[in-house]
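Using the numbering used here, read the sequence shown as starting at 1190 and increasing by one per residue.
Structure, as structure tokens:
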Amino acid sequence: MSKDPPVILACDVGGTSIKLGLVRNGRLRARAEIPAEARRGLARALERMVHQGRALCREGGVDSRELGGLGLAFPGLIQPRTERILSTPAGKFDDAKELDVPARVARALGVPTLVCNDANAALAGEWRFGAARGCRSAVMMTLGTGIGTSAIIDGVPLRGEHGQAGCLGGHCTVTLDGRICPCGNVGCAESEASTWALPVQAREHPGFRESRLAREPTLDFATLFRVAARRDALAMELRDRALRVWAGTLVSLIHAYDPAIAVLGGGIMSGGAVILPRLRRYVARHAWTPWGRVKLRPAALGNDAGMLGVAWLLEQRL
Ligand SMILES: [Zn+2]
1190 MSKDPPVILA CDVGGTSIKL GLVRNGRLRA RAEIPAEARR GLARALERMV HQGRALCREG
1250 GVDSRELGGL GLAFPGLIQP RTERILSTPA GKFDDAKELD VPARVARALG VPTLVCNDAN
1310 AALAGEWRFG AARGCRSAVM MTLGTGIGTS AIIDGVPLRG EHGQAGCLGG HCTVTLDGRI
1370 CPCGNVGCAE SEASTWALPV QAREHPGFRE SRLAREPTLD FATLFRVAAR RDALAMELRD
1430 RALRVWAGTL VSLIHAYDPA IAVLGGGIMS GGAVILPRLR RYVARHAWTP WGRVKLRPAA
1490 LGNDAGMLGV AWLLEQRL
């Protein structure tokens, strides 16, 4: 048996683009990004990932026989052991639940596959190679289109019977009389403070027409923080509410999983210097941690965390 660690083709599937990388030993040797074309389905996307993977092998000087497997980080719930995709983002990759991804990859590339929730992949990456390196127990909250969460306890990535453990922190109720979330629950953190929910909340607010937000072409959190900094009343109200939702979710993750460190990632984090200090203050005040304080750190690996994480998880199985 060769002592060389295998090369993994790591694919991080998002709603608009798919990031691909050849990973060996926790390092990306070659990378590419292709459009997700999510409405055309996952089967078509898989064909393009395989095609791009072969091109990356040629580019990275990797003999395709050195390829040890394909790791797929996907924005949905994944049944552990069977790799079945149990849920997909609304209107995207609708065929995914019917697909036998490992069988398709085995036919195309002759290698094993690991399919993993994208937030779980990101935390695995940050835990082995990034902000949570060296910690036995860690949680992560990813703030973006939705809210992704993940937990590792005593060195073991949490999965549960159906792959739901730890990754539904964004779908815990923060408002009992809140709106119905697409997941079916009431007043989820994600339906109260995420990029997809923000324009709906802003436009429903009676103060919207008087707010500067009404004149902004894009209603995302970067816009919200910028307009709130100019003391627009509605922007400040929505910003402060979102910060409370995220902070409350973080305290719930801390109470549920007892981590030493909480990693904060996602596109929203890069837009708001205000976020981390506010979350730190809230957690210091409200988290019940009589032993001391959970460290709050920004993610260190950016867009690479999911690829490095899913590659590492697959490597453990080979
Ligand atoms: Zn929900």
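Backbone N, C-alpha and C define an ideal beta-carbon position, used for all residues, glycine too.
{"Query": "Helix, strand or coil at residue 1288 according to DSSP, with G and I counted as helix", "Result": "coil"}
{"Query": "Cβ pair residue 1387, residue 1293 closer than 8 angstroms", "Result": "no"}
{"Query": "Contacts around residue 1284, its chain only, beta-carbon distance under 8 angstroms, and the 5 residues preceding and following it disregarded", "Result": "1230, 1231 and 1232"}
{"Query": "Closer than 7 angstroms: residue 1372 CB and nearest ligand 1 heavy atom", "Result": "yes"}
{"Query": "Classification of residue 1309 by the beta-carbon crowding that lies within 10 angstroms, buried from 16 upward", "Result": "buried"}
{"Query": "Contact under 8 angstroms by Cβ, residue 1314 with residue 1498", "Result": "yes"}
{"Query": "Per DSSP, cross-strand counterpart(s) of residue 1484", "Result": "1450"}
{"Query": "Check: residue 1383 C-beta below 7 angstroms from any heavy atom of ligand 1", "Result": "no"}
{"Query": "beta-carbon residue 1380 near ligand 1 non-hydrogen atom, thresh 7 angstroms", "Result": "yes"}
{"Query": "Rounded straight-line distance, which links the Cα of residue 1503 to that of residue 1210", "Result": "14 angstroms"}
{"Query": "Rounded separation between residue 1346 and residue 1421 - CA only", "Result": "42 angstroms"}
{"Query": "Under 8 angstroms between C-beta atoms of residue 1463 and residue 1320", "Result": "no"}
{"Query": "For residue 1339: DSSP bridge partner residues", "Result": "1329"}
{"Query": "CB of residue 1438 within 8 angstroms of CB of residue 1410, strictly", "Result": "no"}
{"Query": "Nearest-angstrom beta carbon gap, residue 1402 and residue 1382 [assumed within contact, 8 angstroms]", "Result": "The pair is not a contact, with the Cβ atoms about 15 angstroms apart (cut-off 8 angstroms)."}
{"Query": "8 angstroms contact criterion, which residue 1338 and residue 1356 should meet: CB distance rounded", "Result": "6 angstroms"}
{"Query": "Whether residue 1200 touches residue 1288 by CB criterion (8 angstroms)", "Result": "no"}
{"Query": "Supposed contact pair residue 1223 and residue 1197 - C-beta distance, whole angstroms, cut 8 angstroms", "Result": "Actually they do not touch by this definition, with Cβ atoms about 18 angstroms apart."}
{"Query": "Check: residue 1360 C-beta below 7 angstroms from any heavy atom of ligand 1", "Result": "yes"}
{"Query": "Cross-strand partners of residue 1302 (DSSP beta bridge)", "Result": "1259"}
{"Query": "Own chain partners of residue 1237 with C-beta closer than 7 angstroms, once the 5 adjacent residues on each side are dropped", "Result": "1223"}
{"Query": "6 angstroms Cβ shell around residue 1428 - same chain, five flanking residues per side excluded", "Result": "1413 and 1417"}
{"Query": "Residue 1336 versus 1396, 1400, 1450 and 1458, residue with shortest Cα-Cα distance", "Result": "1458"}
{"Query": "Length of the line joining the Cα atoms of residue 1444 and residue 1477", "Result": "7 angstroms"}
{"Query": "Host beta strand (DSSP E) of residue 1210 (start-end)", "Result": "1206–1213"}
{"Query": "Distance between residue 1300 and residue 1194 (C-alpha atoms, nearest Å)", "Result": "15 angstroms"}
{"Query": "Three-way DSSP call (helix, strand, coil) for residue 1201 in this model", "Result": "strand"}
{"Query": "Beta bridge counterpart(s) of residue 1220 as assigned by DSSP", "Result": "1210"}
{"Query": "Nearest-angstrom beta carbon gap, residue 1366 and residue 1359 [assumed within contact, 8 angstroms]", "Result": "About 19 angstroms separates the two Cβ atoms, so there is no contact after all."}
{"Query": "DSSP three-state assignment for residue 1246, whether helix, strand or coil", "Result": "helix"}
{"Query": "Coil, strand or helix - residue 1196 by DSSP", "Result": "strand"}
{"Query": "Cut-off 7 angstroms between Cβ atoms - residues of its own chain near residue 1253, not counting five sequence neighbours on either side", "Result": "1243 and 1246"}
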